[in-house]
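Remarks on the structure that follows.
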Amino acid sequence: MSASSSSSSSALPRWIDLGLLPLWNLAVALGVAGLVVLAIGQSPMHALSVLLQGSLGSLRGLGYTLYYTTTFIFTGLAVAVAIHGGLFNIGGEGQATFGGLGVGLLALALGAHLPAAVLLPLLVIAAAVFGMVWALIPGWLQAWRGSHIVITTIMFNFLAASLNVYLLVNWLRPAGSMAVESADFAESARMPALHQLAALFGVEMPSSPLNLSLLLALLACVFVWWFLWKSAAGYALRAVGSAPRAAHYAGIRPKYQVLVAMGLAGALAGLVAVNEISGVQGKLTLDFVAGAGFTGIAVSLMGRNHPVGIVLASLLFGVLYQGGVEVSFELPGFSREMVVTAQGLIVLFAGAMATVSLPLFVKLHGWLSGKNKGVAKELAHG
Amino acid sequence: QAGQPAVIFDMGGKFDKSFNESAYRGVERWKKETGKPYLEFEISNDTQRVQAIRRMAERGASPIISIGFAQASALQQVAKDFPKTQFAIIDSVVNAPNVQSVVFKEHEGSYLVGAMAALTSKTGKVSFVGGMDIPLIRKFQCGFEQGVKATNPKAEVFSNMTGTTSSAWNDPTRGGELAKSQFAKGSDIVFAAAGGTGSGVYQAAKDAGKLAIGVDSNQNHLQPGTMLTSMVKNVDVAVYNVLKGWKAGVSVLGLKEGGVEYALDQHNSKLISPALKTKVEAIKADIVAGKIKVADYMADNACKY
Amino acid sequence: MDEILIGSMLASTLRVTTPLLLCALAGLISERSGVIDIGLEGKMLFAAFAAAAAASASHSTGMGLAAAIAVACAMSLIHGFACVTHRGDQVVSGVALNMVAAGLTVVLGIAWFAQGGQTPPITADVRLTGLIPGWSEPEAAVAALGPWLGAIVGHGLLSHNLLVYLAFFLVAGVWFFLERTKPGLRLRAVGENPAMVDAAGVSVPRLRYAALMLNGLLCGLAGAYLTLAQNASFSPNMTAGRGYIALAAMIFGKWKPLPTLAACLLFGFLDALAIRMQGAVIPGVGEVPVQLIQALPYLLTVILLAGFIGQALAPKALGRPYLKER
Amino acid sequence: MTTQSKGTVPADGAPPAVELRDISKRFGAVQANREVSLSVRAGTVHGLVGENGAGKSTLMAILYGYYQADSGSIAIAGRPVQIKDSQQAIELGIGMVHQHFMLVDTLSCLDNVMLGAEPAFFLNAAKRKVRSQLQALMAETGLHVHLDALVGELPVGELQRLEILKALYRGAKILILDEPTAVLTPQETLQLFETLRRLRERGTTILLITHKLKEVMALCDAVTVMRAGQVVQTKSITETSPEDLAQAMVGRKVHLGRPEQAAAHDAAAPLRLRVQGLSLTAGQAVPLLQDIGLQLRAGEIVGVAGVSGNGQTELLEVLSGMRAPEAGQLELGGRRFDAASGPWLEPRSARECRLAHVPEDRHACGMVMSFPAWETAVLGYQDLPLYRSGPLGAAMNHERMKSEAAAMAERFDVRPRDMNIGSSKFSGGNQQKLVLAREIGQAPTVLLVGQPTRGVDIGAIEFIHQQLRALRDAGCAVLVVSSELDEILALSDRVIVMNGGRITGELDIAECTETRLGLLMAATAKEETNAAALQQA
Ligand SMILES: Nc1ncnc2c1ncn2[C@@H]1O[C@H](COP(=O)(O)OP(=O)(O)OP(=O)(O)O)[C@@H](O)[C@H]1O
Ligand SMILES: Nc1ncnc2c1ncn2[C@@H]1O[C@H](COP(=O)(O)OP(=O)(O)OP(=O)(O)O)[C@@H](O)[C@H]1O
Ligand SMILES: [Mg+2]
Ligand SMILES: [Mg+2]
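This is the structure we're talking about:
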């Protein structure tokens, strides 16, 4: 179950296919979610306005939205890179958890001794390396032992969770503390939050978990884009992903490409920890990934496995998460489960059913244009 | 909205049938009596804790009650930004001038139900099902074991933990399996401290004709007739009192203060013989009087007794 | 004593295996027809809710089962509408269904029963009880049949409810359906080469919808088992990842019924084993950390997978929506 | 172009078996068929020829209900019909043998035949019925297949027969064959034609798409020529000739038949490649290659003839390093490889030794279908410095890739020229040109070519052959594997015949005649392949 086809249609120009259509789908999805809100006796319009107000309307709200976005960008990329290598990585959850271990252990060990300028880069590396390791093992098992990546990554999610609990409860937890979390990191191990940086420049900004990791995430996007479509390694990776035999013919070793794909994917997932652990919590906690690994699957596929798409999809999910919180604040009786339901519906209609209205658009576009005739002739002569 | 109190439930959600739900009952009672409204929020990931507390504070809510130790560090952060606002936290201690901390001596209550189990067990084997292997649960476990062993030194205690992911608190099926495995080893009374997982444990006990002990809330009604008792942790009372009269500082509620107790109601009255009741009351008195010292796991991260 | 232990372990293995097995078979049928099903978790969850809700409301086991199957099939239909009819992404659709199920079950539960998403417990007479209910207690079985026979055969094998035996019977059923019947042949073919099936004059969508209906049926049974047999009420997210484990078991079983059964039994057994190993003490080392034991089933799975099970070949057309273009 | 008697052939009393009127079909930008009219007399073989992408397959797909025409009407035996899907086509007695086989590899031949037309609910019963019917059918038509063998394990020739059986089993009165001989050997082709004639006797109407005009002349009663989605002409076979057809297809004169004399063969020319004792066996000890030894010298084209499935494919795989043999030594570009000791040649090292390889299966091996053509155009050479840029050459040099691709398209007349189009969108013929251009591009000293012109139209064939000869004359050693005897004869200076994984004969082109080669290849070839198939089944 690898690169499942994304719903692009050669018949439509990009601006419709990648611009108008998704927006339309989103509208439809919101409409359906609205019906559910209506069904439970709330006003959809109000809910929607609260959702948007709360997630984009205020600086703090925006901060939270972008903070969620950051995490989803990482997990989304982690899925996308694997898919381009022909692999389905459900292991983001575990890889991120493991990345957390990396950050946690390093921060606790060196936090006291190193300045931020030195420590933070190290933490980023640690997160990436730990996540990478946790993905490389399944990758290796897939390539050399033929163990199916989907099984192993699922199993490794559980394994990472177990290890995390064990270390936290028995080793990292400060004596006498009830909470299952490590001691607080030293300041030098904290990824600076945006409002703190702003404060340095005398700009007053409401505090929010948004931190430099967002920059890291965007850099990761650029890198992934460059890697997949510009670099030689990416060329090999995509070749293996979409035509293993052809890749073999071309002198590319599929086995090693599996390692490359999973390694990179794991590293990206691991970076979640930089945002959550170093950026926000300031300590290693039990369940900081909280399902982001799985959400990454939807993010990546809705973003058509392309960095730009992934950023947009992540933003959408960020809005849904933060907006959802606000909605359950503002609308009494609007439980977090309703938020989850609405999110599910939006993924269903804007993601899975994205092609439902495709024919409509093709027709519409068909009327409005009679171009590409030239190409037609060419091909027909082909 | 200003001046309204606010309650922030943790991951389990306000209907977890035990801890959060107990807190929920507390506010509801206050609401009924005073007719005043209150604000509430259910956490669904780590980051929301700070967010929720801060959000409530900004709206001028006061007092703001955080349910569960997991919110301690979040509260620590926010409380200092809102010195005028009254905060409270259940199950953990936050040292700040504007925070009231309420903690319970779960070990005492657990000791008591442990003793009851030992006194009731025919096989001399009883068991414990925990949600996740974390300090709080070990605290329950440790108290329970003490109670059993102190009452019947020859008694055996089997312990199982449910899982390592957050679903460990919500997996009745697995809870049932754990209980059944313990029954197969001869246990005839099981004490569950595992949130939603518990309901599976109680069901299994009922199906197997064994007895179960509830936790946090009075859960006797869940399986009338096969619930020996419940180790009640009066979070509702605590919350209610905070709402009634908030006062900074730490309040530690044990058997003495009525913070923890064992549940006795129409659902389990048949199971608690007068003889048993007197014995239990005696032990309770001894603990209250300090004649019996119940070791607290948290004291030294080990179950020493 | 230890025969009791073995017996209870056998019993536990079968109990734990059953929902996995039903789910895995459901996934197997769908995926053999070329449709990925990540949504097993969600379908099972919603079915479990439907079963509990309907059974407690109507005081009828039948209603419970019917509701569970109906709901699961409905979700399969949505999946089909998105992925078969409109060629949407099968994985996204599955993920979405899981999210909706996780949320909506609780929302409805609170709305209908006001018990925080739990359903009121269903009465004993409505629940599916064992063939020989008494024997669900080892002691009773032993008393009736003597130690070993009683513990292992009586308690271990004969103390279960109908769904358990049905699940195991269905393995044979699914195998026979796939390998020995006309629709089965077509289903296998459509998962490998839909264009061929189409050219042979058989409708690809109709076949895949049919597969999805069977898939719904089985998911429904799996969910119903959780709330009508293993437990007596629904509680939020009670499937706790079993859908994904079932998915793993199906792949482990290489999309074939019998190997899938083996994989499910393995998971069930390892689980039962791990439960009983908690608190075990290794001489010298001391007590094994409970987390390690809890991780054991997953660890062993990985090792077995790497050690003995070779390449698993998925159906060729799996995950590829079918259009009539090359 | 000759437009006389465009459309239908003069009708006699009986209504035509098939009557297509003004069929149009477009795929997005592409007008695949433009107002095509065609009528086929019952009980005749009607040829359909045209360049790659001319619209032949599409037209037939429409007749078979696989695609829906945008406009136009269809009449079967004079009765106007709407063919909504293949089911209907089948009910109307139309059978189709697709260009890309419509078979399920993981099922047995028997299952494949009855799929969709199972006579009973339970397969055992169904199989019993079908088996007996098929045995009768096989006896009657001479189409022989191993009913219980898995399709994935059978040689293409047999699959071809299986496809026809499938159609006949469904009671096809009108049989459409899309490039049936593209993958067959002369023997198999002759057999096929025998069968088709016999079917015609039985009154079956046959529509035959092919790129081989000889076949048209040999078999057809009438022939229609298509170009760019339109019908150019329809003539009865007696009024036309290969040259006439070729001209109509391509729109210019095409040189057909035996080429100019082969290169003077000199034994002194430097040795480019030598293998000895090459042997390879499949999983279940089925021998694929047995003790193969051959040499390639500069400036010669060596043709490998043989019934497909007799080891040619494997030979290419081994020589190109895609597959390591159990035993054998290889000398290439001054490097020695021994399967027994040390690693075998790998595709990468092969290219370092300036060995280029045009694979048999261009769809799965030669290109990455999901890549744009300009990315496919460097496949295998992605590591060449000229395609790299940036520090350490970590990045691909897209400008360079695109310009090179454009140059290839220009030199090899790949259509369309636009290299940004997806590789899959090019017709096989043009795909083949692109791959060839890529492999020849780096001036190799050894070139391995598998089925250079399979499914390629005559215009392109002529061109590709010219290119191969030019390369030889430039001093490259070329090994051509082809199941087309014509092609072998047209290209080779020396011919090797393979049979059952062995080299059963080596002839100089001078001593080659079609019959002689045919005999060498055919000798017990069938038994061989059957044996292999049975072993595997
Ligand atoms: N599935 C398709 N989607 C889009 N365009 C198509 C499709 N099939 C064919 N075409 C277009 O229609 C034209 C005719 O295709 P067709 O397969 O009929 O050519 P052909 O005559 O069979 O070529 P060949 O001789 O190589 O088989 C092609 O040039 C192509 O551009
Ligand atoms: N998805 C598609 N979109 C556009 N055109 C297509 C598509 N698939 C096939 N075609 C066109 O259909 C025509 C026939 O395709 P096909 O693969 O039959 O070519 P071909 O020459 O027959 O290849 P071969 O005979 O070697 O299989 C080609 O011209 C190709 O351009
Ligand atoms: Mg064609
Ligand atoms: Mg062709």
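Protein chains in written order, with our numbering: chain V, 1 to 382; chain H, 1001 to 1305; chain Y, 2001 to 2326; chain L, 3001 to 3537.
The beta carbon of each residue, even a glycine, is placed where N, CA and C say it ideally should be.
Query, Result
"Quick one, are the C-beta atoms of Y/Y2344 and Y/E2041 less than 8 Å apart?", "This structure gives no information on residue 2344 of chain Y, because the portion of chain Y shown stretches from 2001 to 2326."
"Leaving aside the five residues before and after L/A3533 along the sequence, list all residues of the same chain whose C-beta is less than 8 Å from its C-beta, in chain order.", "Residue confidence is low: L/A3533 scores 47 on pLDDT, short of 50, so the model does not pin down where it sits. No coordinate-derived value is stated."
"Using a Cβ-Cβ cutoff of 9 Å, what residues of the segment 2236 to 2257 of chain Y are near chain H? List them in chain order.", "P2236, N2237, M2238, T2239, A2240, G2241, R2242"
"Let me check you understand the geometry: is the CB of Y/Q2294 closer than 7 Å to at least one non-hydrogen atom of ligand 3?", "no"
"For V/G374, count neighbouring C-beta atoms within 10 Å of its own C-beta (all shown protein chains included) and say buried if the count is 16 or more, exposed if not.", "Any answer about V/G374 is weak, because its pLDDT of 42 lies below 50 and its placement is not dependable; what the coordinates show is given next. Answer is exposed; the Cβ neighbour count stays below 16."
"Measure the alpha-carbon distance for L/R3336 versus L/Q3329 and round it to whole angstroms.", "7 Å"
"So, do the segment 1035 to 1051 of chain H and the segment 281 to 296 of chain V have three or more beta carbon pairs nearer to each other than 8 Å?", "yes"
"When we look at the beta-carbon of H/K1014 and count the other beta-carbons within 10 Å, is it buried (16 or more) or exposed?", "buried"
"Per DSSP, what kind of secondary structure is L/R3335 in: helix, strand or coil?", "strand"
"Return the CA-CA distance between L/N3310 and L/M3498, expressed in angstroms with no decimal places.", "6 Å"
"Using the beta-carbon of each residue, find all residues closer than 6 Å to any heavy atom of ligand 3 and list them in chain order.", "L/K3056, L/S3057, L/Q3099, L/D3178"
"Out of L/G3299, L/P3347, L/A3167, L/A3364, which one is the CA nearest neighbour of V/P244?", "L/A3364"
"Report yes if the C-beta distance between V/A350 and V/A82 is below 8 Å; otherwise report no.", "no"
"So H/V1250 and H/S1101 are in contact, right, with Cβ under 8 Å, and what is the actual spacing, rounded?", "5 Å"
"Would you check if the segment 226 to 245 of chain V and the segment 3377 to 3393 of chain L touch, i.e. whether three or more CB-CB distances between them fall below 8 Å?", "yes"
"For H/P1063 and chain V, any beta-carbon pair shorter than 8 Å?", "no"
"With a threshold of 7 Å, establish whether the CB of V/S207 neighbours any heavy atom of ligand 6.", "Among the ligands in the structure shown, ligand 6 does not appear; only ligand 1, ligand 2, ligand 3 and ligand 4 can be found there."
"Per DSSP, which residues does L/M3226 bridge with? Please list them.", "L/G3050, L/V3231"
"The beta strand (DSSP E) with L/L3208 in it runs from where to where?", "3205 to 3209"
"Does DSSP put H/T1162 in a helix, in a strand, or in coil?", "coil"
"Output, in chain order, the set of chain L residues within a Cβ distance shorter than 8 Å of Y/T2181.", "F3121, F3122, L3123"
"Flag this pair as touching only if the segment 309 to 320 of chain V and the segment 84 to 101 of chain V have three or more C-beta atom pairs under 8 Å; answer yes or no.", "no"
"Quick check on H/N1160: buried or exposed, where buried means 16 or more other Cβ atoms within 10 Å of its Cβ?", "buried"
"Are there 16 or more other CB atoms within 10 angstroms of the CB of L/R3272, so buried, or fewer, so exposed?", "buried"
"Quick check on Y/L2226: does DSSP put it in helix, strand or coil?", "helix"
"Have a look at H/G1258 and H/V1232 and give me their C-alpha separation to the nearest angstrom.", "10 Å"
"Using only the heavy atoms of ligand 1, determine whether one of them is closer than 7 Å to the beta carbon of L/D3457.", "yes"
"How about L/S3427: is its Cβ closer than 7 Å to a heavy atom in ligand 1?", "yes"
"Find the residues of chain Y that neighbour H/L1119, judging by a C-beta separation of less than 9 Å, and give them in chain order.", "Under the 9 Å cutoff, chain Y gives no residues; its nearest Cβ is about 22 Å from H/L1119."
"So, are the CB atoms of L/D3105 and Y/E2192 less than 8 Å apart?", "yes"
"Measuring straight from C-alpha to C-alpha, what distance separates Y/N2237 and L/A3032?", "53 Å"
"Mind checking the segment 272 to 286 of chain V against chain H and listing, in chain order, the residues whose C-beta falls within less than 9 Å of any C-beta there?", "E276, V280, Q281, G282, K283, T285, L286"
"For the alpha helix (DSSP H) that contains V/T70, what are its first and last residues?", "59 to 84"
"In chain order, what are the residue ranges of uninterrupted alpha helix (DSSP H) at least 4 long that sit wholly in the segment 3362 to 3426 of chain L?", "3373 to 3376, 3398 to 3411"
"In chain order, what are the residue ranges of uninterrupted beta strand (DSSP E) at least 3 long that sit wholly in the segment 3087 to 3175 of chain L?", "3094 to 3097"
"Taking 8 Å as the CB-CB limit, is V/A175 close to chain H?", "yes"
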